[in-house]
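Single-structure report; data block below.
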Amino acid sequence: RNRKELTGPELSPGASVGPRKRVSMARGSSRPENFGVTKPRSYAYPTEPEIHNTCNLLEVLDQHHPCKSAEERFLQSSALDKLNKIVQDWVKELTPRGIKEVNAIFFAFGSYFLQVDEFADPIDTICIGPSFVDHEHGFFKIFHDKMCQMNEVTRLKSVRNTNVPFMEFKLDGVPIKIVYASLPYSVIPFNFDLHQANVLSMDDVSRNSFDACRVTNEIYRLVPCNKTFTIALRTVKIWAKSRGLLSNVIGFLGDCDWAILVGRICQAHPFATLSTIVFEFFSIFSVWFWPNPVMLVDPRSDPHRLPVWDPHTNRNDIMPIISPVFPCKNIRADASASTLRDMIYHFKCGYEQCKLIKVNNNWRDLFMPYKFFEEYIRYVHIDLTADTEQKLELWKKIGESELLVLISKIEAGRGQLICHICPTEHLSSDSCSFFIGLSTKKLIVGRAIPEQVPSDVINEFMRRMENHKRAGMEVQVGCLNQTYMKSRTWGRSAMPLIQ
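Here this note's numbering is used: the first residue of the sequence shown is 12, the next is one more, and so on.
Below you can see the structure in the form of structure tokens.
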């Protein structure tokens, strides 16, 4: 299959755009109506070999990557029930006199809703409250203080300096993340429809929080077979985790991104079995012609002039993955050339593994871990520290922004260096580390050995970071070789500094 066949017009939204429908039989036709943004690539039903491959994959998942136990599911459900009661009590405590029948809407979304989460993953939840409960005072002050006073709540932290502010904590040992959205109603209707809500009347923070939960609900609604989609997404996430890719670090893909990518393959193969969806996932995205967007629905224009993603006005987006809810936007707008290059590399590796699996039927090979610290000869280590979690969050965000500038400077130099960001987050309560693997464009006799990063580039990076630094913040930069990294004894105290 050539690139044109795989990325346009069959899956790219440039040709025939179909209505947003689930698989349903058109009158007088033996084929389903269109859904998604293009016609399906294949209407084929599973063959015996494909069913056999699926059975083998399910066996590997059950043996080596089991789902949550019944006890873990019970603990999560109990914690959510308790948090729902806490939320309802909190809203009632803030209700002005004269307003009756006040309530809040609370539910889980994200990976928990899609049933592809692990017990150690924080459950994404949202509280949708009335207009008199705001973010700054009602949520981050009163609700935060209420949670602090509860013995069953541990590791509570607030993260405000982001598009979707949230609180994260453990309730009875269950990790939970909660966001808040305020609706322009004093009393929220009991028949409130998540998909019909008027986002125009919300403030920006509430709209972003609200969209975060609507995305997963809409993805689930738009795929043709929920069961196949769920297991395929879980398979891809296990693969991504084994390669350290399950991260939002500096433009790498998060949960919603993976769900949209897998959902697009399910739309293109509405009757396919699990193994076919996984094979097609790597086959297609290993040659996807970026910046062609990946989308589940066609973005509709906005008469109210809310910002909606458009390929002409957003032509600088290099890896557009478009959210399926109005107003549609690129949820991977922070992707850089280096992260895109690395993602394509991993997709190609996955495709090569799938070709071998078709021969040897050994699905365990797909989930072999990727050893980033054994892949490159030289590494750059950037370590950020702060004396409070709030400062560390700000310092980390600044570091990510400046890191992209550093990478562009390194790759623009005469050393012909190529940077590869470690996608795994190295974060503790007081420090955050970034690692860059270095390879070279020039092939030397034998193995390519990259040169050192020029000291003037590092010095410029340090000066830029110093300009952002506040009291209690520190930054260190080290250049390490592969032998040192493989020893796994590196740390802030032992890190060799670049002077």
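Just so it is clear, CB atoms sit at the ideal spot from N, CA and C, and this is done for glycine as well.
In this structure G483 is not in contact with F445, their Cβ atoms being roughly 19 Å apart against a cut-off of 8 Å. In the structure shown, the three-state DSSP call for Y390 is strand.
Nearest C-alpha to S53 among S258, H280, F384 and P77: H280.
DSSP, read as helix, strand or coil, puts T65 in helix. Residue pairing for F118: DSSP places it in a beta bridge opposite I137. Here the alpha carbons of P77 and F130 stand approximately 11 Å from one another. The beta-carbon distance between F117 and N95, rounded to whole angstroms, is 5 Å. This is short enough to meet the 8 Å contact definition. Counting the other CB atoms within 10 Å of its CB gives A115 a total of 16 or more, which places it among the buried residues.
The residues V190, N219, S220 and A223, in chain order, have a CB closer than 7 Å to that of V175 in the same chain once the five nearest residues on each side in sequence are set aside. Contact between the stretch 416-424 and the stretch 468-480 is established, with three or more Cβ pairs separated by less than 8 Å. Around the beta-carbon of N341, 16 or more other beta-carbon atoms lie within 10 Å, marking it buried. Shown here for H437: same chain residues with a beta carbon closer than 8 Å to its own, the five before and five after excluded, namely C443, S444, F445 and F446 in chain order.
Its chain contains I134 and D135 as the residues whose beta carbon lies nearer than 7 Å to that of Y123, once the 5 sequence neighbours on both sides are disregarded; these appear in chain order.
One Cα belongs to I187, the other to K93, and the distance between them is close to 12 Å. Beta-bridge partners assigned by DSSP to H437: S444. In the same chain as L256, and ignoring 5 residues on each side of it, the C-beta atoms closer than 7 Å to its own belong to F263, L264, H357 and P434, in chain order. Taking each of P331, P338 and P335 in turn and checking the Cα distance to S347, the smallest one comes out for P331. Judged by beta-carbon spacing, G361 lies beyond the 7 Å limit of F472, meaning their Cβ atoms are not closer than that value. Taking the Cα positions, D353 is about 8 Å away from I432. Contact check for A243 against I288 passes: the beta carbons are separated by less than 7 Å. Residue state for T49 is assigned as strand, using DSSP reduced to three classes. Under the DSSP assignment, T246 falls in the alpha helix (DSSP H) whose first and last residues are N237 to S253. Within 10 angstroms of the beta-carbon of Y387 lie 16 or more other beta-carbons, which makes it buried. Sequence-distant Cβ neighbours of N372 in its own chain, meaning closer than 6 Å and more than five residues away, are N67. Y191 has C138 as its beta-bridge partners, per DSSP. With 16 or more neighbouring CB atoms inside 10 Å of its own CB, S169 falls in the buried class.
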